[in-house]
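Before any comments, here is the structure.
Residue numbers (my numbering): 138 to 523.
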């Protein structure tokens, strides 16, 4: 198995784990309390990372990585439940909270990815896994002492008690909404950019002369793109006080991201007239720049827009947020697994791969923009747009 095929397979396993974790914890977060779920799953994540440090085969690495991603997947839906509960009726503060939460998530990735890459030259990956296990326990303690389910109480679940009947009714309420599926497919297209960091390293290796260790470290620029995009474009999106301005901005961001992905595919083909005379260093610089631009453009659509919809679902907001992300990650996992076979096509493998991603991104972006146009002025909980 080539490195690119292994990367796509590992990516699909990890993405499936994330999807499963999100789907389950949306229900648990509403019924049992988001704070309780975060604390418990941080502990479970720590145990998974300890198991990961003892993995004895490639299969075990992939399996336990999926397990760790399962528990890690609980964090975003649970945090959005807490934010939506604290800022009910105030979309401006909710958007600001989502932007800060997104910045924290991407800033952490941006800081730790190069740190771990550097530490790999000194200690083994098993020791790094154990360090991460300890950090997960620290996160659990922080959540236990500092988070509250609501402004009034530490523990105050927002949904109905956990039972088969209540879960069935909640699923029926959420999954029968047209706008849920519009947002879910749009988030699937966003998720392809979000999870591309798992295959970008192999892409750099296959298309330039960069070594694998360096290529892995260069994927940090995707995280940097999300961070810069949220930091700059998040406030701009939030400050758009009319629906049409938000719609135009969202459509523009999707157009930029789709164009960047298409150009990634073109650059990967050595026989292309534009790239035939490029040095590997120039090609690598362009690939990094384009991935950065795509991530910057997708930051707001990925982190902010889906949560604005799920926040309107009342006692089912956690389930809505989780199932939107769960659907997106499941579809991404299947797609990356399939693209692993396309990548190995001689010469044009990466071109076809990125064109598929660009096509889905363009379609999902159109649907998400249409949703924003149709729905956001109808959100009674957040009456800020004309």
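Glycine residues also receive a C-beta, built at the ideal position from the N, C-alpha and C atoms.
Cβ-Cβ separation, residue j to residue i (assumed contact under 8 Å), whole Å
i, j, result
"residue 367", "residue 236", "6 Å"
"residue 286", "residue 171", "6 Å"
"residue 399", "residue 492", "7 Å"
"residue 494", "residue 329", "5 Å"
"residue 370", "residue 240", "Actually they are not in contact, since the Cβ atoms of residue 370 and residue 240 sit about 12 Å apart, beyond 8 Å."
"residue 489", "residue 479", "5 Å"
"residue 506", "residue 387", "5 Å"
"residue 176", "residue 266", "Actually they are not in contact, since the Cβ atoms of residue 176 and residue 266 sit about 21 Å apart, beyond 8 Å."
"residue 501", "residue 325", "6 Å"
Buried versus exposed call for residue i [16 or more other C-beta atoms within 10 Å across all chains shown]
i, result
"residue 252", "exposed"
"residue 263", "exposed"
"residue 376", "exposed"
"residue 189", "buried"
"residue 275", "exposed"
"residue 269", "buried"
"residue 523", "Confidence at residue 523 is low in this model, with a pLDDT of 36, below 50, so its placement is unreliable and the value that follows should be read with caution. Classification for residue 523: exposed."
"residue 282", "exposed"
"residue 425", "buried"
"residue 307", "buried"
"residue 419", "exposed"
"residue 526", "Look at the range of the chain in this structure, 138 to 523, and you will see that residue 526 is not part of it."
"residue 517", "In this prediction, residue 517 has a pLDDT of 42, which is less than 50 and means its spatial position is unreliable; what the coordinates show is noted afterwards. Residue 517 comes out exposed."
"residue 82", "Nothing can be reported for residue 82: it is not among the residues displayed for the chain, which extend from 138 to 523."
"residue 206", "buried"
"residue 197", "exposed"
"residue 483", "exposed"
"residue 80", "Absent from the structure is residue 80, since the part of the chain shown begins at 138 and ends at 523."
"residue 321", "buried"
"residue 271", "exposed"
"residue 378", "exposed"
"residue 454", "buried"
"residue 194", "exposed"
"residue 350", "exposed"
"residue 508", "buried"
"residue 248", "exposed"
"residue 331", "buried"
"residue 215", "buried"
"residue 255", "exposed"
Neighbourhood of residue i by C-beta distance below 6 Å, restricted to the same chain and skipping five residues each side
i, result
"residue 211", "158, 162, 174, 178"
"residue 396", "none"
"residue 334", "356, 359"
"residue 510", "384"
"residue 209", "182"
"residue 293", "286, 287"
"residue 381", "none"
"residue 499", "395"
"residue 327", "435, 438, 439"
"residue 402", "488, 491, 492"
"residue 446", "320"
"residue 219", "171"
"residue 165", "174"
"residue 301", "none"
"residue 423", "404"
"residue 352", "338, 341, 342"
Beta-carbon proximity list for residue i, same chain, < 8 Å, skipping 5 on both sides
i, result
"residue 224", "230, 231, 234"
"residue 347", "341, 355, 417, 421"
"residue 273", "179, 180, 182, 183, 186"
"residue 244", "364"
"residue 201", "185, 188, 189, 192"
"residue 430", "362, 393, 394, 397"
Residues near residue i by beta carbon distance below 7 Å, same chain, minus five either side
i, result
"residue 444", "217, 235, 458"
"residue 291", "172, 285"
"residue 504", "319, 322, 323"
"residue 526", "No answer is possible for residue 526: it lies beyond the span of the chain, which begins at 138 and ends at 523."
Inset, instruction - Take every Cβ of the segment 458–465, pair it with every Cβ of the segment 305–320, and state whether three or more of those distances are shorter than 8 Å. - result: yes
Inset, instruction - Could you tell me whether the segment 449–457 touches the segment 299–313, where touching means 3 or more Cβ pairs closer than 8 Å? - result: yes
Inset, instruction - Note down, one range per segment and in chain order, each alpha helix (DSSP H) of at least 4 residues found wholly within the segment 190–255. - result: 195–209, 212–223
Inset, instruction - Would you mind listing the beta strand (DSSP E) stretches within the segment 277–319 that are 3+ residues and don't spill past its ends, in chain order? - result: none
Inset, instruction - Can you check the segment 327–364 for any alpha helix (DSSP H) of at least 4 residues that lies completely inside it and give the ranges in chain order? - result: 334–344, 349–355
Inset, instruction - Any chance you could list the beta strand (DSSP E) runs of at least 3 consecutive residues sitting entirely within the segment 369–402, in chain order? - result: none
Inset, instruction - Any chance you could list the alpha helix (DSSP H) runs of at least 4 consecutive residues sitting entirely within the segment 452–486, in chain order? - result: 454–480
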